[in-house]
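Participant: Take the sequence shown: its position 284, counted from the start at 1, is 570 in the working numbering, and no numbers get skipped. Can you keep this structure in mind? I'll have questions shortly.
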Amino acid sequence: MMSESAVATADYNARHWDYPVPGKIKIGADDHFKMLTQLLKATYNPYKPSVLNWPQLDPDTLQRITSLPIWDIAVQTEIKASMRIENYAQTVPSAALRQALLHMAGEESRHRDVLSRLVAAYDIPMQPEETYELPKDAEWGFMVTGYSECIDSFFAYGLFEMARRSGYFPTDLVETFEPVVQEEGRHILFFTNWIAWHKANMPLWRRPYFAVKTAAVWAFLIWERIGIARSVDGLEGADANFTMNGSKALSDEMDPAVLMDICLEEDKKRMAGYDRRLLRPTTMPRLTRIARLFIRPKKKP
287 MMSESAVATA DYNARHWDYP VPGKIKIGAD DHFKMLTQLL KATYNPYKPS
337 VLNWPQLDPD TLQRITSLPI WDIAVQTEIK ASMRIENYAQ TVPSAALRQA
387 LLHMAGEESR HRDVLSRLVA AYDIPMQPEE TYELPKDAEW GFMVTGYSEC
437 IDSFFAYGLF EMARRSGYFP TDLVETFEPV VQEEGRHILF FTNWIAWHKA
487 NMPLWRRPYF AVKTAAVWAF LIWERIGIAR SVDGLEGADA NFTMNGSKAL
537 SDEMDPAVLM DICLEEDKKR MAGYDRRLLR PTTMPRLTRI ARLFIRPKKK
587 P
C-alpha cells in the first residue's frame with residue numbers, strides 16, 4: 287500500500303512532464319520522436335487496481351450507477367483497445383516506439399481490470415465477454431482505437447466533472463476513477479503526436495493513401511456513434527467508450543451547453559501540465575467550440 291504522500295507524488299508526476307532537452311523541436315524530428323516515446327513511461331502512475339478504494343454507496347446511488355447501460359461496452363472497449371495496440375506494436379520496427387505502444391496496451395489492460403473490479407464491487411450484472419478478432423490491418427486497428435479515444439476522452443472529462451458537480455456520481459467514486467480518466471488523456475496526447483510524427487516521416491507517395499485511411503477511420507467512427515445513439519443498448523462490437531451510452535443515460539441531468547463548456551475547460555486543464563512542445567488533440571475541442579456557437583444554455587426554471 288502506497289502512503290498518501292507517495293500517491294500524491296505519483297498523481298502529480300502523471301500530470302506534469304517536460305522533455306529535458308531545451309529549445310524548439312520540429313515535429314517529426316528525432317527529438318520529437320524521443321518525446322513521444324518517453325511520454326508514457328515518464329508519466330506512469332503505478333496505482334494498482336487491487337487496492338483502489340471502492341466507496342460504499344447508499345441504495346439510491348447504487349441503483350443509479352448499476353442501472354447505467356455503460357459497463358459492458360466499457361469493458362469490451364478496453365479489451366479491444368489493449369489487443370489492437372499490442373497487435374500494432376508487433377509490426378513496428380523501432381524498439382523504442384514498440385515499447386511505448388506495449389506500455390500503452392498494458393495501461394488499457396489495467397483499465398479493464400479497474401472496471402472488472404468495479405463491476406464485482408457493486409455486483410453489476412454483465413453479459414459474457416465476446417470473442418474478438420483483430421483487424422487484418424494492424425495500423426487501421428490502432429488508428430480506430432486512437433481516434434475513438436480522442437472523442438471519448440474529451441467527453442469523459444466533462445461527464446465526470448459534471449457528474450461530480452451534480453452529485454450524480456459520489457465524489458469518492460469520481461476520485462477513484464480519476465487516475466484512469468487522466469491516463470486516457472495521456473494516451474490521446476501520445477496518439478496525436480504519433481500521428482504527426484508518422485505522417486512527417488512517411489514517403490510522399492504514401493501520404494495521400496494515409497489521408498484517405500484517416501478519413502475512412504473518422505467515417506467509420508461517426509457511423510458507429512450514429513448506431514449507438516439509436517439504441518440505448520449500444521452497437522454490438524462498437525469502439526465507443528462509456529461516454530456515448532453514459533451521456534445518453536445522463537441526458538436528463540445535463541445542459542448540453544454547460545457540458546460543452548466543462549469539456550473544453552477540463553480538456554485544457556488536463557493537458558496543461560505536459561511539455562508545451564507536444565501537440566495537443568484539437569479536433570474535438572475545435573468542433574465543440576463551433577457547435578457551442580449555436581447552442582444556448584437551458585433557461586433555469
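Virtual Cβ for every residue (Gly too), placed ideally from N, Cα, C. Only a predicted model underlies this, so the values are computations on that prediction, with no experimental measurement involved.
Taking the alpha-carbon positions, what's the Met530 to Leu579 distance?
Facilitator: With a pLDDT of 47 at Met530, under the threshold of 50, the modelled position of this residue cannot be trusted; read the value that follows with caution. Distance between the alpha carbons of Met530 and Leu579 is about 22 Å.
Participant: Quick one: what does DSSP say Tyr433 is sitting in, helix, strand or coil?
Facilitator: Helix, per DSSP.
Participant: Just checking, does the region 407-425 make contact with the region 350-367 on the three C-beta pairs under 8 Å criterion?
Facilitator: Because the criterion of three Cβ pairs below 8 Å is met, the region 407-425 and the region 350-367 touch.
Participant: Three or more C-beta pairs under 8 Å: does that hold for the region 336-350 against the region 472-488?
Facilitator: No contact exists between the region 336-350 and the region 472-488.
Participant: How long is the line joining the alpha carbons of Val467 and Glu394, rounded to whole angstroms?
Facilitator: When rounded, the distance between both Cα atoms is 11 Å.
Participant: Alpha carbon to alpha carbon, how far is Val337 from Asn299?
Facilitator: Their Cα atoms are separated by approximately 20 Å.
Participant: How about Arg575 and Thr478: do their beta carbons lie closer than 8 Å?
Facilitator: In this structure, Thr478 does not lie closer than 8 Å to Arg575 by Cβ.
Participant: Identify every residue that forms a DSSP beta bridge with Tyr560.
Facilitator: In the DSSP output, where bridge partners are listed per residue, Tyr560 has Trp303.
Participant: Classify Trp509 as helix, strand or coil using the three-state DSSP reduction.
Facilitator: Correct three-state label for Trp509: helix.
Participant: Determine the contact status of Glu470 and Ser434, defining contact as a CB-CB distance below 8 Å.
Facilitator: No.
Participant: Using only alpha-carbon positions, find the residue among Pro465, Lys366 and Arg582 that is nearest to Glu415.
Facilitator: When each option's Cα is compared against that of Glu415, the closest is Lys366.
Participant: First and last residue of the alpha helix (DSSP H) that includes Pro345?
Facilitator: Residues Pro345 to Thr352.
Participant: Between which two residues does the alpha helix (DSSP H) containing Phe477 stretch?
Facilitator: Counting along the chain, the alpha helix (DSSP H) containing Phe477 begins and ends at Thr457 to Asn487.
Participant: Whole angstroms is fine: what's the gap from His318's alpha carbon to Asp344's?
Facilitator: Rounded to the nearest angstrom, the two C-alpha atoms are 49 Å apart.
Participant: Helix, strand or coil: which one does DSSP assign to Val293?
Facilitator: Of the three classes helix, strand and coil, the one that applies to Val293 here is helix, per DSSP.
Participant: What's the gap between the Cα of Val518 and the Cα of Ala360?
Facilitator: At Val518, the pLDDT of 44 sits below 50, so the modelled position is not reliable; the number obtained from the coordinates is stated separately. Whole-angstrom Cα-Cα distance: 14 Å.
Participant: What number of angstroms, rounded off, separates the C-alpha of Glu522 from the C-alpha of Gly432?
Facilitator: For Glu522, the predicted structure reports a pLDDT of 48, less than 50, and the residue's modelled location is therefore unreliable. A value from the coordinates is still provided. Between Glu522 and Gly432, the C-alpha separation is close to 19 Å.
Participant: Determine, using beta-carbon pairs with one atom in the region 544-554 and one in the region 305-321, whether at least three such pairs fall under 8 Å.
Facilitator: In short, these stretches do not touch, since the Cβ pair count stays below three.
Participant: Got a sec, what are the start and stop residues for the alpha helix (DSSP H) Trp357 sits in?
Facilitator: From DSSP, the alpha helix (DSSP H) with Trp357 extends over Trp357 to Ala375.
Participant: Closest to Val378 by C-alpha separation, out of Asp346, Gln362, Val430 and Trp480, would be which residue?
Facilitator: Out of Asp346, Gln362, Val430 and Trp480, Trp480 has the C-alpha closest to the C-alpha of Val378.
Participant: If distances are taken between C-alpha atoms only, which option among Pro489, Leu445, Asp541 and Val293 comes closest to Pro583?
Facilitator: Considering only alpha carbons, the answer is Asp541.
Participant: Would you kindly work out how many angstroms separate the C-alpha atoms of Leu507 and Tyr454, rounded to a whole number?
Facilitator: Rounded to the nearest angstrom, the two C-alpha atoms are 28 Å apart.
Participant: Contact check, Tyr418 vs Met448 under 8 Å by CB: the rounded distance?
Facilitator: Wrong, their Cβ atoms sit about 31 Å apart, outside the cutoff.
Participant: Can you tell which of Val293, Asp358 and Thr568 has the C-alpha that lies nearest to the C-alpha of Ile474?
Facilitator: Looking at the Cα atoms, Thr568 is the closest of the given residues.
Participant: Just how far apart, CA to CA, sit Arg384 and Ile581?
Facilitator: The alpha-carbon atoms of Arg384 and Ile581 are separated by roughly 43 Å.
Participant: Leaving out five residues before and five after Pro465 in sequence, what residues of the same chain have Cβ atoms less than 6 Å from its Cβ?
Facilitator: Once the five neighbours on either side are set aside, the close Cβ partners of Pro465 are Asn331 and Tyr333.
Participant: What residue range is occupied by the uninterrupted alpha helix (DSSP H) comprising Ala315?
Facilitator: From DSSP, Ala315 is part of no alpha helix (DSSP H); its letter is neither H nor E.
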